[in-house]
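Take a look at the structure below.
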Amino acid sequence: MNNTADALHSGWKSLQRWRVQIFLITWLAYAAFYFTRKAFSVAKLGIGEDPTFELDKAAMANLDALYLAAYAVGQFTWGIFADRFGPRVVVLGGLVISALVALVMGTFATLPIFATCMVIQGLAQSTGWSGLCKNIGSFFATRERGRVLGYWSTCYAFGGLVATPFAGWWAYSVFQDWRMAFISSAMVVGAVAVLFFFLQRNRPEDVGHAPVEALPVKASGPREGHWKALRKVLKNRTVLVLGLSYFLLKPARYAILLWGPVIIYERMPSIGKVASAIVPTAFELAGLVGPILIGYASDKLFGARRMPACVLSLVALTLCLALFVPAMQSGSLYLVVGLLFMMGMTLYGPDSMISGSAAIDFGTQDGAGTAAGFVNGCGSVGAILGGLLPGYFDTVTVFIVFTAAALLASLMLVPFWNSRPQTLKTPEDLPATTQPAMAVAKT
């Protein structure tokens, strides 16, 4: 008896160790992707002053659009490959290719090479989200994935927070060469790829453990086909509005991520290139806390109603966007940093909630994933505009557009002010056929 108990205890400790290890290595892997993702935004500062590589703002914007278009395509594609071949193959391949492409961009400065590399980089970067989320899902049961993924999702804010100043320091403080933004970032991603190879596994079964069990809730009927589920999504008014709102929000976020150093340096050249690369990290820093605060407000202040928290946050975001250009013109670095932090706080919160609310509010097992994919796909299309607009229009015009878009997004969500996730309805509110499933879920 004691031997059996000891064996069970030892097996549980081993599984727990693997769960912690998988959490950490997947978190690190997705954060690492941001190093090669942000390298070009830092390199733009030096490229604009390099007479040997003439690349104007419009050309840089076109390169960003190539990257983001490839990234959007990859988001809809790599999940299928991760299901078939496993996250280990897909994500490890993405890390290695991303590092190699960044090395090429830091070595060969020609427009055709950059254009080709940006497409490949976009496809490589897009391996991360679906593959790593699948990896986390294999080691954590349904009943605990909500809070686990909540903490795990800090990886993308952290990656953006540290990647930009890291690349800027190597490029403009240590070597005085924009190429080092790519090369230094590639070294980080390459090192993480090595760690990923040794520390990551796809499933508990791969390390001698039984599958992690989810809640014993089964579908009441056969699963719908992909196209039928998609048609249901397109008929759902809530999901359509969430998708359009997400489309309106993403340009501002990606413009700051991809063009933040350039925007700051053009308006405040006296602070220098290194500081211009560091200042926008206030935006990503706020991204570490924005989703947590808006989630707390939604649950505790608004009784699990998601839209009031989003609407109020977007109204505050509208005000911050409207004040940003005047703040830069004032020359006050503290005011600019403060507004960037507030923009991050009021943008990352609704960003995370809207992209996650689709699956919750759609409320069916067969349509939840399709709904979430549809909303995130709409955001990816909006992100393309975030890469393009700063290259073709002046900063004042761009932020007027972003301000109007944030205001429109908030107004679109007002009619859904009192909506709640369907999963929070009481058994009395549900049809009789669904009550047994609720009873099972509570056991």
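So the number in the numbering used here is just where the residue sits in the sequence shown, counting from 1, plus 5. Built from N, CA and C at the ideal position, the CB exists for glycine as well. Source: prediction; values computed, not measured.
Residue interval of the alpha helix (DSSP H) (run including residue i)
i	result
alanine 146	Alanine 146 -> no alpha helix (DSSP H), and no H or E assigned at all.
tryptophan 264	242-272
alanine 176	Alanine 176 -> no alpha helix (DSSP H), and no H or E assigned at all.
leucine 324	311-335
lysine 278	277-283
glutamine 80	62-90
arginine 184	184-204
leucine 412	400-418
alanine 287	286-291
leucine 116	116-130
glycine 295	295-301
CB of residue i within 8 Å of CB of residue j, strictly
i	j	result
serine 103	glutamine 126	yes
glycine 391	alanine 287	no
leucine 239	methionine 417	no
phenylalanine 163	alanine 291	no
arginine 310	asparagine 423	yes
phenylalanine 252	glycine 387	yes
leucine 60	methionine 123	no
leucine 108	alanine 215	no
valine 401	alanine 260	no
glycine 99	threonine 121	no
asparagine 67	asparagine 140	no
arginine 22	glycine 111	no
glycine 295	tyrosine 353	yes
valine 194	leucine 137	no
valine 217	alanine 34	no
methionine 348	cysteine 315	no
threonine 323	threonine 243	no
glycine 173	valine 380	no
threonine 351	alanine 332	no
alanine 282	proline 170	yes
leucine 245	isoleucine 359	no
arginine 24	phenylalanine 144	yes
Chain D contact for residue i (CB, 8 Å cutoff)
i	result
serine 250	This model lacks chain D altogether; it includes just one protein chain.
Buried/exposed call for residue i, threshold 16 Cβ in 10 Å
i	result
tyrosine 339	exposed
tryptophan 83	buried
proline 266	buried
leucine 128	buried
leucine 254	buried
serine 385	buried
glycine 213	exposed
tyrosine 39	buried
lysine 18	exposed
glutamine 181	exposed
isoleucine 85	exposed
glycine 165	buried
proline 274	exposed
lysine 305	exposed
alanine 146	exposed
threonine 57	exposed
tyrosine 270	buried
proline 92	buried
glycine 396	buried
proline 420	exposed
glycine 226	Below a pLDDT of 50, predicted positions are generally treated as unreliable, and glycine 226, at 48, falls in that range; the measurement from the model is reported next regardless. Exposed, since its Cβ has fewer than 16 Cβ neighbours within 10 Å.
threonine 115	exposed
glutamine 334	exposed
tyrosine 156	exposed
Integer-rounded CB distance, given that residue j should sit under 8 Å from residue i
i	j	result
alanine 87	serine 158	Actually they are not in contact, since the Cβ atoms of alanine 87 and serine 158 sit about 18 Å apart, beyond 8 Å.
lysine 43	leucine 262	7 Å
phenylalanine 200	isoleucine 27	First, the residue type needs correcting, since residue 200 is leucine and not phenylalanine in the sequence shown. At roughly 12 Å, the Cβ-Cβ gap does not stay under 8 Å, so leucine 200 and isoleucine 27 are not in contact.
isoleucine 389	alanine 77	7 Å
serine 318	proline 355	5 Å
valine 406	leucine 345	The pair is not a contact, with the Cβ atoms about 18 Å apart (cut-off 8 Å).
valine 279	serine 178	5 Å
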